[in-house]
Structures are given as structure tokens and as C-alpha cells.
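Worksheet: one structure, shown below.
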Amino acid sequence: MTYIGGADIAYLYASIGIITVTPVAVFLCALVQVRKERRKK
């Protein structure tokens, strides 16, 4: 049953990846918005 173990590990990595990537993506989006606002002024 190594396939199930591999699937669990892949799911774990995917969860960790989403948890680490999401805040970074939100931060980058906020940074872009701030830069756009500064360019308008």
C-alpha cells in the first residue's frame, strides 16, 4: 500500500505549499496595489 502513503505525502506537501504560498501571494498583491496608488499621486 505504498501508493496511499505516497498520496498522503503529496497531499501533505500540497497543504504546506498552499499555506506558505497564499500569504506571499496576498502580500505581493497588496504591494502591487500600493505601487499603483502611489503612481496615481
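To convert, note that position 36 of the sequence shown is 41 in the numbering used here; the numbers rise steadily by one, no gaps. Cβ atoms here follow ideal geometry from the backbone N, Cα and C, with glycine treated the same way.
Through-space distance from THR27 to VAL39, alpha-carbon basis: 18 Å
Where MET6 falls: helix, strand or coil (DSSP): No answer about MET6 holds up, because its pLDDT of 49 lies below 50 and its placement is not dependable.
Three-state secondary structure assigned by DSSP to LYS41: helix
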